[in-house]
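**Q** These protein sequences, in sequence, are chains U, V, G and L. Residues 1 to 321 (my numbering) are what the first sequence spells out, left to right. Residues 1001 to 1321 (my numbering) are what the second sequence spells out, left to right. Residues 2001 to 2349 (my numbering) are what the third sequence spells out, left to right. Residues 3001 to 3349 (my numbering) are what the fourth sequence spells out, left to right. Once you've had a glance at the structure underneath, I'll fire off some questions.
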Amino acid sequence: MSVTYLEAIREAQAHALRDDPRVFIYGQDVGAFGGAFKATKNLASEFPGRVLDSPISEDAIMGLAVGAAIEGMRPIVEMQFADFSTVGFNQIVNQAATLFWRTNVPCPITVRLPFGGTSGSGPFHSQCMETVYAHYPGLIVLTPATVEDAYSMLLEAVAIDDPVIFCEHKFLYYHLKAERLPSEALPVGKARIAREGRDMTIVAYSAMVHEALEAAKELTPEGWEVEVVDLRSVKPIDTDTVMASVARTGRLLCVGEAWSWGGATAEIIARVVTEGYGLLDAPPQRLNAKDTPVPYHPNLWAAHRPTARAIAAAARKLLRL
Amino acid sequence: MSVTYLEAIREAQAHALRDDPRVFIYGQDVGAFGGAFKATKNLASEFPGRVLDSPISEDAIMGLAVGAAIEGMRPIVEMQFADFSTVGFNQIVNQAATLFWRTNVPCPITVRLPFGGTSGSGPFHSQCMETVYAHYPGLIVLTPATVEDAYSMLLEAVAIDDPVIFCEHKFLYYHLKAERLPSEALPVGKARIAREGRDMTIVAYSAMVHEALEAAKELTPEGWEVEVVDLRSVKPIDTDTVMASVARTGRLLCVGEAWSWGGATAEIIARVVTEGYGLLDAPPQRLNAKDTPVPYHPNLWAAHRPTARAIAAAARKLLRL
Amino acid sequence: MLQTVLEPGTAENAALFRETYLAAYRFMLLARLLDDKFAALWRSGRIHGGVFLGRGQEALSAATGVSLKKGDVFAPLIRDAAGRLAFGETVRDAARTYLGSALGPMRGRDGNVHRGKPREGYLPMISHLGAMISVVNGILLAHRFKKISGTVGVASIGDGATSTGAFHEALNQAAVEKLPLVLVVADNQYAYSTPTARQFACRDLADKAPGYGVEVDSVDGTDLSACLKSIGQAVAHARAGRGPRLVIATLLRLCGHGEHDDAGYIDPQLKTSPIGRDCLKVAEEHLVRQKWADATTLATWRSEVTHEIEEAIAQVQREPAPDPFAEEWRAISSRHLSETHADNEVDPA
Amino acid sequence: MLQTVLEPGTAENAALFRETYLAAYRFMLLARLLDDKFAALWRSGRIHGGVFLGRGQEALSAATGVSLKKGDVFAPLIRDAAGRLAFGETVRDAARTYLGSALGPMRGRDGNVHRGKPREGYLPMISHLGAMISVVNGILLAHRFKKISGTVGVASIGDGATSTGAFHEALNQAAVEKLPLVLVVADNQYAYSTPTARQFACRDLADKAPGYGVEVDSVDGTDLSACLKSIGQAVAHARAGRGPRLVIATLLRLCGHGEHDDAGYIDPQLKTSPIGRDCLKVAEEHLVRQKWADATTLATWRSEVTHEIEEAIAQVQREPAPDPFAEEWRAISSRHLSETHADNEVDPA
Ligand SMILES: Cc1ncc(C[n+]2csc(CCOP(=O)(O)OP(=O)(O)O)c2C)c(N)n1
Ligand SMILES: Cc1ncc(C[n+]2csc(CCOP(=O)(O)OP(=O)(O)O)c2C)c(N)n1
Ligand SMILES: [Mg+2]
Ligand SMILES: [Mg+2]
């Protein structure tokens, strides 16, 4: 038996619905249809009345989730694509994110954002929105890279008493597989050493972890041992783990699929150099998507986002500095 | 005679309306009333039919501006407060920002965002939104700190063939004064050395420039000569001017009123260390607002945002490193 | 919080109506004098930021508050001082928020009209117009999940807020889910300076209801009796599980948008028209006409209320302001997940 | 682009109507066969991403396209292949966008239904539902500023998109500004898998119009004659300066949401009901009944159209794909203000 990243997300939701009567799911087509990506497949029939189709009203979807959370429920919201959360943006950043701070009432909502680029999806079905959410105080932003994390972090997201932006990468949905669902897991807030190395640290998250791992592999025959840190969450960031890795390797390359300006890569570099300047033997570097919308055509798309090849090239340059 | 920051904004709009028949103004209460801050005072009567009150519909306001821009007009949109642009967010980042790249048709819109903290304004009338807009390709984000720049950069914003997010700081509206409106100006995209120094560089923008200048003054009797760079625009960032300054001083403190995660301060540090690592004699530092919503109470507010005192303290620390 | 019974006829109901009317009037008076006090404090520099009054809208607002009971949900807007008080807010908590007391429900973090106690069904508005309606929906849906029945949610908005996408999405959502929502629109003819002619083009805001499949009632917002009946019916209807209703009240804002605004743009003809009547005076005339109170009683009440306000304000003014050094600068409740980076914590001392 | 004249009676008008009908039918047929072709290309892996068909909606869409003329504005949605062609799009440009040709209007940057030529009044939709309507408003307002009169803008949306805040704000905006907007709602009973009962609670979408103060017409979306009349009238009305109109067309989506979707959720009763009729067949029957065409003619047209499509596709398939190395990775038009940071430009070679 094997389980995909997408199935792990479905299973985590089934688990949460089973264990906690306060959990319900709300979003477009999540009911009988099982969601645009089938992440809620069969849940409506397994949990009658607890998986509700919403109108095409992202603002009201998020507002409703906040109200339900105030009243002690633990809503899971599915945005059909992360890109559409821009029309629910206000309720996320100004209603959900401020509630606890203003009133001391926690706001336990999980917002599932199917995000990130896939070939042929174009500017409005490919976006990475972790940056804009992470900028706002009051939100937790998770970016699982593995099947195991998709499962365990989603379960933990539902249990967390704050609004969690759960960025699940569409590129990983179908082809990322694991043998089984995990029974233990690193807690949210801890990064993971995805690969140990000695010569440099690549910090990545979500789909980019896999590109980074492939790049690391590509560099092995050249004699380089590259460490890959999987951030797992971009807010909070486990700066300690990143710093410890950089302390070992002396070199840092940050990779993000999001746009460069103010992205997680800038944030990590800022943290490492302000707090651990002496650890570096060479200037830190970052690699991001190009500063244009995400292109539709596969050829353009492959050049727009960082790939294993581009990461390896950037790493080689940095290793030579 | 003297002119305030706010009057400069009014004058720039009058000038633009006078010189260019394609310019019109659209926003809530901008007409006969002259806007919530009086930034469009008398413009409706001076330019009949060209200053239009809109419904409370930020999404449609921005969509309309895009349509008008497609048709060759040059709309100036006033958001009543920057904070409310969250409900027009989608049209800004997905409609206006992508138009040129997708279709080769430019999208000349100026979105005026009265932004930033003032005492007693609270979480929803104080926000700094430059970060989230600067993250998106396709937008230009201006942050004038002086009366002269408020005037000349707004004029230039209207002339630019791309969507410009014009962040005008409410704290500067009334009490920042100049002798006269400028006849010459640095172009958009160039930073300004607001104060020369030798021992360290403080990079700031908008209201924080004044706090930084005051901090620099505070440090003079202690024997420190602090250089202050006024970024003027956060997208594009004039990295060259920043680097040249850091090359002279060897020390960098970035100050932003926005939240820390992924803010302009992170972006500047990332640029300086990736491209000019060798220029630094000490780790770069940043100082931002605390990671909570902007508080209402003056006591809390003063502690939430960076002030001259806090900047001076951070600078002292850094000078000792 | 008093529940109105509105079936006319019986003597018992007549007595209950009188009682409700009197209670609502007291909240109107309290709100008016409290608002006046806030305005005075603002003018003397004692209140930071804006002050937003409900002058002319107290009848509608009080009617809303008294129509609700414990367990219900109320999302007031800026002109709802009366409704807030009637729903159970104390004068002290209102003053604490305006004056930034650390002991208030918002602890100085938020101010003026941005106050509430969400766990008590009293929602603290965010500023974005229309945004609270779907939050009310969420609480009502949660009640359904929790098998709590017979509760009602009221959201207040203005004529201007009907132009927001949030209003539209939320009203539609309530209709689809058949939630017990009463959406009260105070059509006070202006949104800040913008007259309704620049805000919408429908003949009447009530014409919006069929487009959502919700019931609607229109009411003279200057007449407390009418407001009590209209809101009372809408609430009773929702409480009985008969779905959402829109209530459109016509009235005039008898003050500036905020105290900084002289409202010079208001059409003088409106001021002298029936919708320009002061609902407080109208209510007082009604009290006298019905012989529910005479001039002496009214004067006594007024001085009682004034006294209550002065006392509360005096107390709140002695309360501590929030202390930035004692503040926990943390926006999430999960302590173990909150982070403060060293670089962001440069000691300002 | 043909303009319909719809006053009945005169022989001249009858002839014009026939001509318009025939033209519209041709676009319907072209769209249907082109859609089929795209579906086939997608199944064989030649098209990346999604393919979204207008099957069952061609009558409404073609009627929209033929009702407009040069200078007008059209913001089509996903099911508007027919209207796009009728408004002047070439089969080649449609294919170029689906196949990602560098020579297409979107140059491989955007794909499938996200295509248009804004400067020609043909707006390329962004995906966010409802978002194009206010853009049309903006163009129409610009026409007013530029003293261009007599132009009309049409925006298409689905039943699901009526739940968006963007729809509401934009329709209200058009009404306030009295813009010549025709908003065509294709109520095809589903939004993706969601039936209208989970989308709205109004009796009829037409009930929304009075709430905006706009006129409304309802039409059988399976009947080309009816669509031509309804849309033609709405356009004529707007062109004459009489303000916005909403047109609600009832029909059924005769395909999946996209080609990946087998649409198993569609109520079988709807399929056999009158709204489940295939508008193309209905139009063909009408053509034959009116003796405007016989079976042979229809077959000839079909093979002509097939040939036209095959030729265009064959040509486009030989066109170059976009070259990432030749691409200018720049999102703003102001060259002097665009920046590429060295760190973002690590040479992948
Ligand atoms: C989304 C949004 N846009 C703009 C504002 C700024 N604003 C605050 S109150 C107001 C006018 C509100 O008018 P109305 O809804 O009629 O309520 P009233 O003040 O008349 O009671 C405006 C435009 C806001 N709060 N929210
Ligand atoms: C704001 C927004 N939310 C969600 C989506 C995802 N989505 C794309 S099409 C669709 C269904 C649209 O239904 P309808 O408006 O009825 O048009 P139809 O597909 O039936 O023609 C949805 C939910 C979107 N494009 N935009
Ligand atoms: Mg109003
Ligand atoms: Mg539909």
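Where is the CB? At the ideal position from N, CA and C, for every residue including glycine.
Any chance the stretch 9-17 of chain U sits against the stretch 146-158 of chain U, with 3 or more Cβ pairs inside 8 Å?
**A** Yes: the two stretches touch, three or more of their Cβ pairs being nearer than 8 Å.
**Q** Considering just the uninterrupted stretch of the beta strand (DSSP E) at residue 1115 of chain V, what are its terminal residues?
**A** By 1-based counting over the second sequence, the position of residue 1115 of chain V is 115. Where residue 1115 of chain V is concerned, the enclosing beta strand (DSSP E) stretches over 1110-1115.
**Q** Using the Cα positions of residue 3 of chain U and residue 49 of chain U, report the straight-line distance between them to the nearest angstrom.
**A** As a position in the first sequence, residue 3 of chain U is number 3, starting the count at 1. As a position in the first sequence, residue 49 of chain U is number 49, starting the count at 1. Rounded to whole angstroms, residue 3 of chain U to residue 49 of chain U spans 27 Å at the Cα level.
**Q** Quick one: using the 10 Å Cβ neighbour count with 16 as the cut-off for buried, is residue 3046 of chain L buried or exposed?
**A** Working through the fourth sequence from its first residue, we reach residue 3046 of chain L at position 46. Answer is exposed; the Cβ neighbour count stays below 16.
**Q** What do you reckon, is the C-beta of residue 3160 of chain L under 6 Å from a heavy atom of ligand 4?
**A** Here residue 3160 of chain L refers to the residue found at position 160 of the fourth sequence. Yes.
**Q** Short check: CB of residue 3138 of chain L to CB of residue 1099 of chain V, under 7 Å?
**A** Counted from its first residue, the fourth sequence places residue 3138 of chain L at position 138. Counted from its first residue, the second sequence places residue 1099 of chain V at position 99. Their beta carbons are not under 7 Å apart, which means residue 3138 of chain L does not touch residue 1099 of chain V by this criterion.
**Q** Cβ atoms of residue 3178 of chain L and residue 3243 of chain L: under 7 Å apart, would you say?
**A** Here residue 3243 of chain L is taken as the residue at index 243 of the fourth sequence, counted from 1. Here residue 3178 of chain L is taken as the residue at index 178 of the fourth sequence, counted from 1. In this structure, residue 3178 of chain L lies closer than 7 Å to residue 3243 of chain L by Cβ.
**Q** Spell out a yes or no on whether the stretch 1226-1243 of chain V and the stretch 227-244 of chain U are touching, meaning 3 or more CB-CB pairs, one atom from each, closer than 8 Å.
**A** No: fewer than three Cβ pairs fall under 8 Å.
**Q** Relative to ligand 2, is the shortest distance from any of its heavy atoms to the C-beta of residue 80 of chain U smaller than 6 Å?
**A** Position 80 of the first sequence, counted from the first residue, corresponds to residue 80 of chain U. For ligand 2, at least one heavy atom lies less than 6 Å from the Cβ of residue 80 of chain U.
**Q** Quick check: does the Cβ of residue 3248 of chain L come within less than 6 Å of any heavy atom belonging to ligand 2?
**A** Here residue 3248 of chain L refers to the residue found at position 248 of the fourth sequence. The answer is no for residue 3248 of chain L.
**Q** Note down, in chain order, all residues in the stretch 1282-1308 of chain V with a beta-carbon under 7 Å from any beta-carbon belonging to chain U.
**A** Cβ contacts with chain U: 1283, 1284, 1285, 1286, 1291, 1292, 1293.
**Q** For residue 3219 of chain L versus residue 3153 of chain L, is the C-beta spacing smaller than 7 Å?
**A** On the fourth sequence, position 219 is the one that residue 3219 of chain L refers to. On the fourth sequence, position 153 is the one that residue 3153 of chain L refers to. No; because the gap between Cβ atoms is not below 7 Å, this pair is not in contact.
**Q** Give me the Cβ distance between residue 1302 of chain V and residue 1218 of chain V, rounded to the nearest whole Å; I'm assuming they're in contact under 8 Å.
**A** On the second sequence, position 302 is the one that residue 1302 of chain V refers to. On the second sequence, position 218 is the one that residue 1218 of chain V refers to. 16 Å between Cβ atoms; not a contact.
**Q** Could you tell me which of V/1232, V/1272, V/1066 sits nearest to residue 1147 of chain V, measuring between CA atoms?
**A** Within the second sequence, residue 1147 of chain V is the residue found at index 147, counting from 1. Residue 1147 of chain V has its Cα closest to that of V/1232, out of V/1232, V/1272, V/1066.
**Q** Quick one: is residue 267 of chain U near chain V, going by C-beta distance under 7 Å?
**A** Working through the first sequence from its first residue, we reach residue 267 of chain U at position 267. Answer yes: the Cβ-Cβ gap between residue 267 of chain U and chain V drops below 7 Å somewhere.
**Q** Between which two residues does the beta strand (DSSP E) harbouring residue 1075 of chain V extend?
**A** Along the second sequence, one-based indexing puts residue 1075 of chain V at 75. Residues 1074-1078.
**Q** Residue 1192 of chain V by DSSP, collapsed to three states: which one?
**A** As a position in the second sequence, residue 1192 of chain V is number 192, starting the count at 1. Strand.
**Q** Could you check which residue in U/59, U/228, U/114, U/267 has the C-alpha nearest to that of residue 38 of chain U?
**A** Within the first sequence, the letter at position 38 stands for residue 38 of chain U. Answer by Cα proximity: U/114.
**Q** Taking the beta carbon of residue 1019 of chain V as the centre, do at least 16 other beta carbons fall within 10 Å, making it buried, or is it exposed?
**A** Along the second sequence, one-based indexing puts residue 1019 of chain V at 19. Burial call: exposed.
**Q** Counting only Cβ-Cβ distances shorter than 9 Å, please list the residues of the stretch 79-92 of chain U near chain L, keeping chain order.
**A** For the stretch 79-92 of chain U, which is checked against every Cβ of chain L, the residues closer than 9 Å are 80, 81, 83, 84, 86, 87.
**Q** In angstroms, rounded to a whole number, what distance separates the CA positions of residue 2284 of chain G and residue 2024 of chain G?
**A** One-based indexing of the third sequence puts residue 2284 of chain G at position 284. One-based indexing of the third sequence puts residue 2024 of chain G at position 24. Distance between the alpha carbons of residue 2284 of chain G and residue 2024 of chain G: 12 Å.
**Q** For residue 2057 of chain G, is the classification buried or exposed, using 16 other Cβ atoms within 10 angstroms of its Cβ as the cut-off for buried?
**A** Your numbering for residue 2057 of chain G matches position 57 in the third sequence. Residue 2057 of chain G comes out buried.
**Q** Strictly below 8 Å CB to CB, what residues from chain U border residue 2076 of chain G?
**A** Within the third sequence, numbered from 1, the residue matching residue 2076 of chain G stands at position 76. Simply none; closest approach about 15 Å.
**Q** Residue 2110 of chain G touches chain V at which residues, Cβ-Cβ below 7 Å?
**A** As a working note, residue 2110 of chain G is residue 110 in the third sequence. 1122, 1123, 1296, listed in chain order.
**Q** What are the residues that DSSP puts in a beta bridge with residue 1286 of chain V?
**A** In the second sequence, residue 1286 of chain V corresponds to position 286, counting from 1. Paired residues: V/1254.
**Q** Could you spell out the range, first to last residue, of the alpha helix (DSSP H) harbouring residue 2087 of chain G?
**A** Counting from 1 along the third sequence, the entry for residue 2087 of chain G is found at position 87. From DSSP, the alpha helix (DSSP H) with residue 2087 of chain G extends over 2081-2087.
**Q** Going by C-alpha distance, which of G/2017, G/2288, G/2055 is nearest residue 2039 of chain G?
**A** Mapped onto the third sequence, residue 2039 of chain G falls at position 39. Of the candidates G/2017, G/2288, G/2055, the one whose C-alpha sits nearest the C-alpha of residue 2039 of chain G is G/2055.
**Q** Pull up the distance between the alpha-carbon of residue 3297 of chain L and that of residue 3041 of chain L, whole angstroms please.
**A** Residue mapping note: residue 3297 of chain L aligns to position 297 of the fourth sequence, counting from 1. Residue mapping note: residue 3041 of chain L aligns to position 41 of the fourth sequence, counting from 1. Those two C-alpha atoms are separated by around 28 Å.
**Q** Given the structure, does residue 3265 of chain L come close to ligand 4, in the sense that its CB is under 6 Å from one of the ligand's heavy atoms?
**A** The count along the fourth sequence starts at 1 and reaches residue 3265 of chain L at position 265. Every heavy atom of ligand 4 is 6 Å or more from the Cβ of residue 3265 of chain L, so no.
**Q** Does the beta carbon of residue 182 of chain U sit closer than 7 Å to a beta carbon anywhere in chain V?
**A** Residue mapping note: residue 182 of chain U aligns to position 182 of the first sequence, counting from 1. Output row for residue 182 of chain U: interface = no.
**Q** Decide yes or no for the touch test of the stretch 21-30 of chain U against the stretch 75-95 of chain U: beta carbon pairs closer than 8 Å, at least 3 of them.
**A** Output reads yes: the stretch 75-95 of chain U touches the stretch 21-30 of chain U.
**Q** Between which two residues does the beta strand (DSSP E) carrying residue 19 of chain U extend?
**A** One-based indexing of the first sequence puts residue 19 of chain U at position 19. Taken as a continuous stretch (DSSP letters only), residue 19 of chain U belongs to no beta strand (DSSP E), being part of the alpha helix (DSSP H) at 5-19.
**Q** Residues of chain L with CB under 9 Å from residue 1140 of chain V, in chain order?
**A** Taking the second sequence and counting its residues from 1, the one referred to as residue 1140 of chain V is at position 140. Neighbours of residue 1140 of chain V on chain L, chain order: 3332, 3334, 3337.
**Q** Helix, strand or coil, according to DSSP, for residue 2038 of chain G in the structure here?
**A** Taking the third sequence and counting its residues from 1, the one referred to as residue 2038 of chain G is at position 38. The answer is helix: DSSP assigns residue 2038 of chain G an H, G or I state.
**Q** Given a cut-off of 7 Å, decide if residue 298 of chain U and residue 1101 of chain V are closer than it, judged by their beta-carbon atoms.
**A** If you number the second sequence from 1, residue 1101 of chain V lands on position 101. If you number the first sequence from 1, residue 298 of chain U lands on position 298. No. Outside cutoff.
**Q** Residues of chain U with a CB under 9 Å from the CB of residue 2211 of chain G: which are they?
**A** As a working mapping, residue 2211 of chain G is identified with position 211 in the third sequence. In chain order: nothing, as chain U lies at least about 14 Å away.
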